[in-house]
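J.: Starting off with a structure, shown below.
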Amino acid sequence: MRRICVLALLLSAIVGNSAAEALLIRNATVLTVTKGTIPNGSVLVEDGKIAAVGENLSAPAGATIVDASGKYLMPGMIDCHSHTAIEGGVNEGTVSDSSMVNIEDVLDPMDINIYRALAGGLTVSNVLHGSANAIGGQTVVVKLRWGKTAQDMLFAGAKPGIKFALGENPKRQGYVPPSVLPPGRPAARRYPGTRMGVEDVIRESFMEAKNYREDWQAYRARVARGEHPLPPRKDLRLEPLVEVLEGKRYVHAHCYRSDEILMLLRVADEMGFKIRTLQHALEAYKVAREIAEHGASVSTFSDWWSYKIEAYDATPYNVAILTRKGVLVSVNSDSDELQRHLNLEAAKSMRYGGLSEAEALALVTINPAKQLAIDDKVGSIEAGKSADLALFDGHPLSNYSKALRVWIDGHEYFDRDKDLETRPDFERKKKALEDKDNGGPRLPTRR
Amino acid sequence: MKQLCVVAALVCSTRVGAQPVDSNSVLIRNATVHPVTGPEIQNTSVLILDGRIAEIGPKLAPKASIRIVDARGLHLYPGLINAATNVGLSEIQALRDTVDLDELGLFNPELRAASAFNPSSEHIEVTRAAGITSVVSLPGSGSRRAGALLITGQGALMHLDGWTWEEMAVKPGAVMDLVFPEINTGPAQAGAPPRPYKDALQQYTDRLQELGEFFEQARRYQKAMAARAPDFRRDLRLEAMIPVLEGLQPIAIRAERERSIRDAVAFADEEKVKIIIVDPREIGGTGPLLKERHIPVILGRAFQLPMRDDDPYDAPYTLAAQFYRAGVKVCFGTFDVQFARNVGFEAAQAAAFGLPRDVALRALTINSAEILGVGDRLGSIEKGKLGDLILTDGDPLEARTNIKQMFIAGREVSLESRHTREYEKWMKRP
Numbered sequence: 131m132r133r134i135c136v137l138a139l140l141l142s143a144i145v146g147n148s149a150a151e152a153l154l155i156r157n158a159t160v161l162t163v164t165k166g167t168i169p170n171g172s173v174l175v176e177d178g179k180i181a182a183v184g185e186n187l188s189a190p191a192g193a194t195i196v197d198a199s200g201k202y203l204m205p206g207m208i209d210c211h212s213h214t215a216i217e218g219g220v221n222e223g224t225v226s227d228s229s230m231v232n233i234e235d236v237l238d239p240m241d242i243n244i245y246r247a248l249a250g251g252l253t254v255s256n257v258l259h260g261s262a263n264a265i266g267g268q269t270v271v272v273k274l275r276w277g278k279t280a281q282d283m284l285f286a287g288a289k290p291g292i293k294f295a296l297g298e299n300p301k302r303q304g305y306v307p308p309s310v311l312p313p314g315r316p317a318a319r320r321y322p323g324t325r326m327g328v329e330d331v332i333r334e335s336f337m338e339a340k341n342y343r344e345d346w347q348a349y350r351a352r353v354a355r356g357e358h359p360l361p362p363r364k365d366l367r368l369e370p371l372v373e374v375l376e377g378k379r380y381v382h383a384h385c386y387r388s389d390e391i392l393m394l395l396r397v398a399d400e401m402g403f404k405i406r407t408l409q410h411a412l413e414a415y416k417v418a419r420e421i422a423e424h425g426a427s428v429s430t431f432s433d434w435w436s437y438k439i440e441a442y443d444a445t446p447y448n449v450a451i452l453t454r455k456g457v458l459v460s461v462n463s464d465s466d467e468l469q470r471h472l473n474l475e476a477a478k479s480m481r482y483g484g485l486s487e488a489e490a491l492a493l494v495t496i497n498p499a500k501q502l503a504i505d506d507k508v509g510s511i512e513a514g515k516s517a518d519l520a521l522f523d524g525h526p527l528s529n530y531s532k533a534l535r536v537w538i539d540g541h542e543y544f545d546r547d548k549d550l551e552t553r554p555d556f557e558r559k560k561k562a563l564e565d566k567d568n569g570g571p572r573l574p575t576r577r
Numbered sequence: 037m038k039q040l041c042v043v044a045a046l047v048c049s050t051r052v053g054a055q056p057v058d059s060n061s062v063l064i065r066n067a068t069v070h071p072v073t074g075p076e077i078q079n080t081s082v083l084i085l086d087g088r089i090a091e092i093g094p095k096l097a098p099k100a101s102i103r104i105v106d107a108r109g110l111h112l113y114p115g116l117i118n119a120a121t122n123v124g125l126s127e128i129q130a131l132r133d134t135v136d137l138d139e140l141g142l143f144n145p146e147l148r149a150a151s152a153f154n155p156s157s158e159h160i161e162v163t164r165a166a167g168i169t170s171v172v173s174l175p176g177s178g179s180r181r182a183g184a185l186l187i188t189g190q191g192a193l194m195h196l197d198g199w200t201w202e203e204m205a206v207k208p209g210a211v212m213d214l215v216f217p218e219i220n221t222g223p224a225q226a227g228a229p230p231r232p233y234k235d236a237l238q239q240y241t242d243r244l245q246e247l248g249e250f251f252e253q254a255r256r257y258q259k260a261m262a263a264r265a266p267d268f269r270r271d272l273r274l275e276a277m278i279p280v281l282e283g284l285q286p287i288a289i290r291a292e293r294e295r296s297i298r299d300a301v302a303f304a305d306e307e308k309v310k311i312i313i314v315d316p317r318e319i320g321g322t323g324p325l326l327k328e329r330h331i332p333v334i335l336g337r338a339f340q341l342p343m344r345d346d347d348p349y350d351a352p353y354t355l356a357a358q359f360y361r362a363g364v365k366v367c368f369g370t371f372d373v374q375f376a377r378n379v380g381f382e383a384a385q386a387a388a389f390g391l392p393r394d395v396a397l398r399a400l401t402i403n404s405a406e407i408l409g410v411g412d413r414l415g416s417i418e419k420g421k422l423g424d425l426i427l428t429d430g431d432p433l434e435a436r437t438n439i440k441q442m443f444i445a446g447r448e449v450s451l452e453s454r455h456t457r458e459y460e461k462w463m464k465r466p
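Chains as they are written, first to last, in the numbering used here: chain A, 131 to 577; chain B, 37 to 466.
Okay, structure coming up:
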């Protein structure tokens with residue numbers, strides 16, 4: 131209860147985003163990502179969209195003007211792998227194929243990590259189901275519109291996805307003896323327990339999905355002929371897989387080793403669908419050619435490795451190798467913490483493999499936008515795109531920089547100065563609540 | 037790319053006379069030298085003889101048969117120190133067979149991280165590629181599972197170069213690692229429900245008492261040994277406590293919260309032992325307590341989430357600056373293995389949020405050295421110190437900077453690793 135009160139206070143304190151008619155940010159170093167860097171640049175925002183980008187833009191009457199002298203403006207960052215704002219567990223782990231469940235149903239707009247991510251310059255997240263199943267749940271792309279409802283967070287027009295997972299995670303429940311399963315987990319072992327079984331689950335599910343699609347096609351054909359057959363039973367597990375087969379839903383596949391990556395590409399080829407993104411994919415660098423040929427892309431960690439055996443052959447040069455071999459790459463967080471500084475994760479690719487500044491920035495802006503097919507709306511500072519912008523006090527690829535202000539659709543969702551201003555008042559209110567809560571005697575101190 | 041080639045060409049070193057490859061003498065010329073303990077000096081040479089810095093000056097004449105490194109356009113810094121890791125003791129976190137952390141038992145002061153430090157761990161090369169020349173490896177993970185750990189053993193300060201752990205050890209018993217008791221209602225194991233407050237409080241009180249009793253035992257042992265009592269028998273556990281009781285070995289006390297820090301300071305006052313506060317998550321009102329007693333702090337990761345939902349979003353980022361402003365000497369650790377190489381970025385993040393940049397660099401060099409009791413040997417570019425040096429093309433705390441060359445005790449060490457070898461191998465795949 132106390133926590134809710136405090137959160138409510140926090141919300142009221144920081145959701146001050148104003149809907150200005152027009153906004154002109156001027157004198158910034160504008161990192162457009164796709165059209166180079168404009169020193170002393172200006173960005174004009176009208177109706178939530180970027181109206182103009184240039185050197186000398188004048189503000190229409192009544193526009194809010196932000197003087198960004200000495201500061202850097204970049205597109206709001208995009209995280210292609212997030213579990214933020216998921217209420218409760220991220221895994222429906224009881225079945226090997228949980229494609230019937232949907233993250234959209236469990237979005238929690240009150241998750242404080244939304245605000246914390248905004249404060250690092252993040253504006254869009256691909257919110258994924260966990261990796262406990264070969265075929266996991268349905269996924270959703272959101273804008274971090276802190277203070278709005280779950281419905282309002284959805285990224286309009288972004289194609290939905292589905293999570294797949296290969297390797298250690300989906301097979302884990304298949305080989306742990308029931309005696310050592312932690313409390314609260316199902317006692318029975320669950321198929322699959324090997325990488326071979328993971329492949330089998332995916333192939334079996336897509337065989338079923340194809341049969342299911344044929345049943346419906348046959349049904350519709352009969353209806354078209356004027357017959358009155360009984361429709362096939364609607365199958366909520368197979369529906370999203372049919373959407374995958376029809377290219378209406380993207381596959382985001384958690385994977386590590388090169389063998390399983392190749393396996394998945396071949397299964398997809400066989401079944402007639404595409405893998406949109408390979409997630410984590412720490413060994414993707416070994417099969418860059420095959421990934422490029424399939425048309426898949428990779429969303430990976432900047433430098434994670436060695437936390438488990440399938441991450442032992444990782445190298446932070448993964449990003450550079452894939453980039454040089456023509457694979458579209460993004461750097462993601464998979465973490466409430468890491469999503470707070472994706473710009474710094476991108477910067478590591480300059481040390482590990484010598485990516486240019488533009489290539490590094492693309493890893494967390496236009497590249498993930500392309501992966502999610504929202505690059506016509508976000509991911510760069512260009513006229514016509516949404517005004518999702520992040521203002522930094524230094525170059526965002528410098529470890530000494532921090533985000534100062536963040537806008538989504540031209541609305542301001544984070545302002546560091548305002549955050550700092552509200553703190554004393556917030557602390558007072560919080561203390562008053564705590565004093566009420568701790569009405570009883572204090573604990574004795576030691577000795 | 038062209039720029040890279042030019043720098044690479046500049047880095048190419050020349051040799052005067054024939055000298056064995058593993059020589060620990062070298063003359064580095066024309067570098068921008070950052071001594072850390074003094075202002076930056078342009079176009080300067082540093083001469084290292086037999087592993088130690090022998091001279092620093094604008095124009096040092098090459099001695100016969102000494103290797104010369106022309107560092108024009110490059111910066112020379114002392115090697116960075118990560119003051120708290122588990123490097124060498126843990127290879128693959130999820131595979132227990134490869135992990136030697138958290139021995140069973142509450143009191144294990146006789147355990148030595150140094151002698152279990154695997155000199156062939158892949159993490160050594162990976163970590164030093166980021167400009168880190170030495171690390172403290174702690175025998176505990178810091179896990180507070182059910183308060184099952186108190187003294188986990190002795191953390192060792194290790195050079196990230198050497199054929200054996202013995203050669204790598206700079207100070208094998210650098211710190212005694214103590215997980216200070218706290219009231220922790222967290223679950224006893226993953227998936228279990230949280231424990232009732234009453235139980236947690238009881239366990240906290242019990243642990244404090246056990247800790248006090250253990251120190252009392254150690255003192256009696258110390259007296260018996262000094263008195264050469266006729267029935268005296270050696271006890272390895274208690275004997276290992278003597279350097280602590282004598283104030284020669286600091287206790288690295290892991291204390292997350294304000295209350296634990298206060299408790300730890302009270303404990304140190306009462307036991308008259310030297311302590312370092314390790315991995316705190318908040319400062320609260322403990323600044324003056326620490327400052328007054330000259331108790332330093334090894335900060336944990338800046339890149340973590342605030343402890344509580346309603347903490348300021350930047351609380352972990354500003355923590356270093358809060359301790360610094362309170363007059364407390366700080367350095368940095370990462371308390372893990374895979375991100376041990378990122379300690380520079382942790383310090384830079386603290387600098388983005390209020391820690392002066394020069395203090396961030398000092399924290400990673402001279403402060404760590406002083407806090408670990410090796411300020412006379414490591415942590416700055418000064419005559420007489422060990423030749424632990426890095427040559428870079430910029431600020432070593434920036435990810436955009438490349439570490440070009442490294443010397444540990446004067447010996448050039450390779451910056452190749454498992455990661456660079458994979459890179460070179462797989463870039464060649466047709």
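The beta-carbon is built from N, C-alpha and C at its ideal position, and this holds for glycine as well.
Quantities reported herein were computed from a predicted structural model and do not represent experimental measurements.
Using the Cβ count rule (16 or more neighbours within 10 Å means buried), how would you classify B:Asp429?
T.: Label assigned to B:Asp429: buried.
J.: With respect to the alpha helix (DSSP H) encompassing B:Trp462, which residues constitute its N-terminal and C-terminal limits?
T.: Per DSSP, B:Trp462 belongs to the alpha helix (DSSP H) from 454 to 463.
J.: Cβ of B:Val373 less than 8 Å from any chain A Cβ?
T.: Yes, B:Val373 counts as interfacial toward chain A.
J.: Would B:Thr73 and B:Ile92 qualify as a contact pair, given that the criterion is a beta-carbon distance under 8 Å?
T.: It is not a contact, given that the beta carbons lie outside the stated cut-off.
J.: Starting from A:Thr453, follow the alpha helix (DSSP H) in both directions and report where the run begins and ends.
T.: Start and end: 448 to 454.
J.: B:Ile102 by DSSP, collapsed to three states: which one?
T.: Note: B:Ile102 maps to coil in three-state DSSP.
J.: Pull up the DSSP beta-bridge partners for B:Cys367, would you.
T.: Paired residues: B:Ile334.
J.: Does the Cβ of A:His211 have 16 or more other Cβ atoms within 10 Å, making it buried, or fewer, making it exposed?
T.: Answer is buried; the Cβ neighbour count reaches 16.
J.: For A:His129, go through chain B and note every residue whose CB falls closer than 8 Å to its CB, in chain order.
T.: In the structure displayed, chain A extends from 131 to 577; residue 129 of chain A sits before or after that span and is not available.
J.: Between the segment 357 to 365 of chain B and the segment 325 to 332 of chain B, can you find at least three pairs of beta-carbon atoms closer than 8 Å?
T.: The segment 325 to 332 of chain B vs the segment 357 to 365 of chain B: in contact.
J.: Are there 16 or more other CB atoms within 10 angstroms of the CB of B:Ala45, so buried, or fewer, so exposed?
T.: With a pLDDT of 40 at B:Ala45, under the threshold of 50, the modelled position of this residue cannot be trusted, and the question is left open.
J.: Note down, in chain order, all residues in the segment 340 to 367 of chain B with a beta-carbon under 7 Å from any beta-carbon belonging to chain A.
T.: Taking 7 Å as the Cβ-Cβ cut-off against chain A, the residues of the segment 340 to 367 of chain B that qualify are Gln340, Leu341, Asp345, Asp346, Pro348, Tyr349.
J.: Looking at B:Leu433: is its Cβ nearer than 8 Å to the Cβ of B:Phe381?
T.: Yes, the Cβ-Cβ distance between B:Leu433 and B:Phe381 is below 8 Å.
J.: Have a look at B:Thr322 and A:Ser479 and give me their C-alpha separation to the nearest angstrom.
T.: Distance between the alpha carbons of B:Thr322 and A:Ser479: 39 Å.
J.: Suppose you measure from the CA of B:Ser179 to the CA of B:Phe371; what does that come to, to the nearest Å?
T.: For B:Ser179 and B:Phe371, the distance between alpha carbons rounds to 11 Å.
J.: Under the criterion of a Cβ to heavy atom distance below 7 Å, does B:Ala205 qualify as lining the ligand FMN?
T.: In terms of ligand content, the structure shown is empty, and the ligand FMN therefore cannot be addressed.
J.: Does the Cβ of A:Lys273 have 16 or more other Cβ atoms within 10 Å, making it buried, or fewer, making it exposed?
T.: Buried is the call here.
J.: With 8 Å as the limit, tell me which residues of the segment 525 to 540 of chain A have their beta carbon closer than that to any beta carbon of chain B; keep them in chain order.
T.: Cβ contacts with chain B: Leu527, Ser528, Asn529, Tyr530, Ser531, Lys532.
J.: Check whether the Cβ of A:Met480 lies closer than 8 Å to any Cβ atom in chain B.
T.: Chain B, which has a Cβ nearer than 8 Å to the Cβ of A:Met480, makes this yes.
J.: When you compare the CB of A:Gly277 with every CB in chain B, is at least one pair closer than 8 Å?
T.: Not one chain B Cβ lies under 8 Å of A:Gly277.
J.: Looking at chain A, is there any beta carbon in it that lies within less than 8 Å of the beta carbon of B:Ser179?
T.: No, B:Ser179 lies away from the interface with chain A (no Cβ there is under 8 Å from its Cβ).
J.: Where in the segment 173 to 220 of chain B do unbroken runs of the beta strand (DSSP E), each at least 3 residues long, occur, reported from the N-terminal end onward?
T.: The qualifying runs are 187 to 195, 205 to 215.
J.: What first and last residue would you give for the beta strand (DSSP E) that runs through B:Lys440?
T.: Run containing B:Lys440: 439 to 444, per the beta strand (DSSP E) assignment.
J.: So with Cβ pairs under 8 Å, would you call A:Gly146 a contact of chain B?
T.: Low per-residue confidence applies at A:Gly146: pLDDT is 45, beneath 50, and the placement is therefore not dependable enough to give any value.
J.: Just to make sure I have the definition right: I need the residues of chain B whose C-beta is within less than 9 Å of the C-beta of A:Gly218. Which are they?
T.: Neighbours of A:Gly218 on chain B: none; closest Cβ ~15 Å, over 9 Å.
J.: For a cutoff of 8 Å on Cβ pairs, would you count B:Asn438 as touching chain A?
T.: At least one chain A Cβ lies under 8 Å of B:Asn438.
J.: Do B:Asp197 and B:Ile474 count as a contact pair if the criterion is CB distance below 8 Å?
T.: Limits of chain B in this structure are 37 at one end and 466 at the other, which puts residue 474 of chain B out of reach.
J.: My guess is that A:Val231 and A:Glu222 are in contact by the Cβ rule of under 8 Å, so how many angstroms apart are they, rounded?
T.: Between A:Glu222 and A:Val231 the Cβ distance is about 5 Å, and since that is below 8 Å, they are a contact.
J.: Contact check, B:Gln340 vs B:Pro348 under 8 Å by CB: the rounded distance?
T.: Not confirmed; about 14 Å, so no contact.
J.: Mark A:Gly291 as exposed unless 16 or more other C-beta atoms lie within 10 angstroms of its C-beta, in which case mark it buried.
T.: A:Gly291 should be labelled buried.
J.: Closer than 7 Å by beta-carbon distance: list the chain A residues that pair up with B:Met442, in chain order.
T.: Within 7 Å Cβ-Cβ: nothing; B:Met442 doesn't reach chain A, min ~14 Å.
J.: Answer with yes or no whether the minimum CB distance from B:Gln129 to chain A is below 8 Å.
T.: It does; some Cβ of chain A falls within 8 Å.
J.: Assign B:Ile407 to buried or exposed, taking buried as 16 or more other Cβ atoms, counted over all protein chains shown, within 10 Å of its Cβ.
T.: Label assigned to B:Ile407: buried.
J.: So, is the C-beta of A:Ser436 closer than 8 Å to a C-beta in chain B?
T.: Yes - at least one Cβ of chain B is within 8 Å of the one on A:Ser436.
J.: With 8 Å set as the bound, which would you pick, yes or no: does the beta-carbon of B:Leu326 sit closer than that to a beta-carbon of chain E?
T.: Annotation note: the requested chain E is absent from the structure, which comprises protein chains A and B.
J.: Does the pairing of the segment 281 to 301 of chain B with the segment 227 to 235 of chain B give three or more beta-carbon distances under 8 Å?
T.: Contact fails: fewer than three Cβ-Cβ distances are below 8 Å.
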